[in-house]
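Protein chains in written order, with the working numbering: chain B, 2 to 152; chain A, 2 to 152.
Here a beta-carbon is modelled for each residue, glycine too, at the ideal position from N, C-alpha and C.
Bear in mind the structure is a predicted one, so any value in this text is a computation, not a measurement.
Inspection log for the structure reproduced underneath, given as structure tokens.
There are 2 protein chains.
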Amino acid sequence: MLRLTKKADYGLMALKYLAEHPDSVSVSAKDIADTYGIPPQLLAKVLQRLTKVGLLRSHAGMNGGYELSREARRISAFEVIHAIDGPLFITSCTKGSKSCDLEPNCTIKEPLARVNESIAGVLKSISIYDLVDAETAAGRSAEMLVTLMHS
Amino acid sequence: MLRLTKKADYGLMALKYLAEHPDSVSVSAKDIADTYGIPPQLLAKVLQRLTKVGLLRSHAGMNGGYELSREARRISAFEVIHAIDGPLFITSCTKGSKSCDLEPNCTIKEPLARVNESIAGVLKSISIYDLVDAETAAGRSAEMLVTLMHS
DNA sequence: CAGTATAGGACTGATTTTGTCGCAGTTCAA
DNA sequence: TTGAACTGCGACAAAATCAGTCCTATACTG
Numbered sequence: 002m003l004r005l006t007k008k009a010d011y012g013l014m015a016l017k018y019l020a021e022h023p024d025s026v027s028v029s030a031k032d033i034a035d036t037y038g039i040p041p042q043l044l045a046k047v048l049q050r051l052t053k054v055g056l057l058r059s060h061a062g063m064n065g066g067y068e069l070s071r072e073a074r075r076i077s078a079f080e081v082i083h084a085i086d087g088p089l090f091i092t093s094c095t096k097g098s099k100s101c102d103l104e105p106n107c108t109i110k111e112p113l114a115r116v117n118e119s120i121a122g123v124l125k126s127i128s129i130y131d132l133v134d135a136e137t138a139a140g141r142s143a144e145m146l147v148t149l150m151h152s
Numbered sequence: 002m003l004r005l006t007k008k009a010d011y012g013l014m015a016l017k018y019l020a021e022h023p024d025s026v027s028v029s030a031k032d033i034a035d036t037y038g039i040p041p042q043l044l045a046k047v048l049q050r051l052t053k054v055g056l057l058r059s060h061a062g063m064n065g066g067y068e069l070s071r072e073a074r075r076i077s078a079f080e081v082i083h084a085i086d087g088p089l090f091i092t093s094c095t096k097g098s099k100s101c102d103l104e105p106n107c108t109i110k111e112p113l114a115r116v117n118e119s120i121a122g123v124l125k126s127i128s129i130y131d132l133v134d135a136e137t138a139a140g141r142s143a144e145m146l147v148t149l150m151h152s
């Protein structure tokens, strides 16, 4: 439960790949798909969406491909996931603007909104760069938070 | 994306209801389903599962129903969600014990494990009681964490 | 122009989620 | 002791979502 779609996974992996290859001017969707064994056309769509929201810059034609539009350190996992999977709602009732259709009202929605924010916060604190170098400050801070919350 | 199933929602709502009615010896699935407009048989299954994992005590027969097996303060949202939706994995690749089937290896899985733990931590810090009284310490601590992470 | 890429719509199949049905066992109370 | 009101559970059906493919158009390079 509570898991990312494969598309979001693919997107994060692709961005990580791009962050690891800053030398290459641009990398094609096929290149990335091949190295990870991802269906190329599916990854292409994911990258197209990430381009649309401005996280990537695309370059059509021969030797074309994608590149990060910002440095990896300034792209959060949240942005990627949000772009691909849509808005983050932990409760199944909150569908966009419309309120819960359950009778009196979804009495649980409001208190869980905080949880939602907490999770979004965690995701926002993780950058693509953190995926490359797992031993980074943000990673450690996330760990710290866990222990902090357990206390 | 990243949302609970309706079953988990129903489960949380039901537990909250039970926490709000400690006077009643036991409440039937139908009672709760009626007050919230939830399909009764579906809620019944959810409650059966929660009983199975020991969060509820059931009582068959006339005037039967369910009651919390512990005080609301000592039942976490995590336990409920875990019981209903299964283990919490943010990456779609981590299916149980088996590692990712993506080619070299899902390079993203390991760094996201921390995120997973952070989210689990947030969920563990929220009790059923917190859902009843949204202005509780744990709720505030969760809020605090969000601001802390944004800094 | 030929080849390689992105852009994107339409569509199909797989998987998951949601909800229903039917039946067996339990308890209570008239 | 019988029937109504419950839980417990497996099998199914319906609906929604996700994953993946196909096809066509367009853009850029040499």
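{"Item": "Pairwise C-alpha distance: A/S25 and B/P88", "Value": "39 angstroms"}
{"Item": "Test: A/K17 CB closer than 8 angstroms to a CB of chain B", "Value": "yes"}
{"Item": "DSSP state of A/S77 mapped onto helix, strand, coil", "Value": "strand"}
{"Item": "Contact set for A/Y37: own chain, Cβ-Cβ below 7 angstroms, skip 5 residues either direction", "Value": "M14"}
{"Item": "Closer than 8 angstroms to chain A by CB, B/R4", "Value": "yes"}
{"Item": "DSSP state of A/S128 mapped onto helix, strand, coil", "Value": "strand"}
{"Item": "Cutoff 8 angstroms: B/S119 Cβ touching any chain A Cβ", "Value": "yes"}
{"Item": "Proximity winner among A/L3, A/Y11, A/A9, relative to B/K8 (alpha-carbon distances)", "Value": "A/L3"}
{"Item": "Neighbour-count burial assignment, B/A20, 16 or more Cβ in a 10 Å radius", "Value": "buried"}
{"Item": "Residue nearest to A/V133 in terms of C-alpha spacing, selected from A/P23, A/I91, A/Q42", "Value": "A/P23"}
{"Item": "Test item: CB-CB of B/S128 and B/A73 under 8 angstroms", "Value": "yes"}
{"Item": "Three-state secondary structure assigned by DSSP to A/E111", "Value": "helix"}
{"Item": "C-alpha gap between B/G12 and B/R50, whole angstroms", "Value": "9 angstroms"}
{"Item": "Meets three-Cβ-pair contact criterion under 8 angstroms: the segment 76 to 87 of chain A and the segment 50 to 63 of chain A", "Value": "yes"}
{"Item": "B/P41 versus B/Y18: straight-line alpha-carbon distance, rounded", "Value": "15 angstroms"}
{"Item": "Closest Cα partner of B/A30 within the set B/D131, B/K110, B/G65, B/R115", "Value": "B/G65"}
{"Item": "Close-in-space but distant-in-sequence residues of the same chain around A/V28 (CB under 8 angstroms, 5 per side omitted)", "Value": "Y18, L19, H22, G66, Y67, E68"}
{"Item": "Bridge partner(s) assigned by DSSP for A/L57", "Value": "A/L69"}
{"Item": "Other residues of its chain near A/S77: CB distance less than 6 angstroms, five sequence neighbours each side excluded", "Value": "K125, S128"}
{"Item": "Alpha carbon of A/R71 to alpha carbon of B/L48, nearest angstrom", "Value": "48 angstroms"}
{"Item": "Residues of the segment 38 to 58 of chain A with Cβ closer than 8 angstroms to any Cβ of chain B, in chain order", "Value": "G38, I39"}
{"Item": "Short-range partners of chain B found in the segment 64 to 83 of chain A, where Cβ spacing is below 9 angstroms", "Value": "A78, I82, H83"}
{"Item": "Listed by chain order, chain A residues near B/V28 by CB distance under 7 angstroms", "Value": "Here the premise fails: no neighbours, minimum Cβ distance about 15 angstroms."}
{"Item": "CA-to-CA distance, B/R75 to B/T52, given in whole angstroms", "Value": "16 angstroms"}
{"Item": "Bridge-paired residues (DSSP) for B/G28", "Value": "Here the sequence assigns Val to residue 28 of chain B, which means Gly is not the residue at that position. Its beta-bridge partners are B/Y67."}
{"Item": "Collapsed DSSP secondary structure at A/G87 in the structure displayed", "Value": "coil"}
{"Item": "B/D10: first and last residue of the uninterrupted alpha helix (DSSP H) it sits in", "Value": "7 to 21"}
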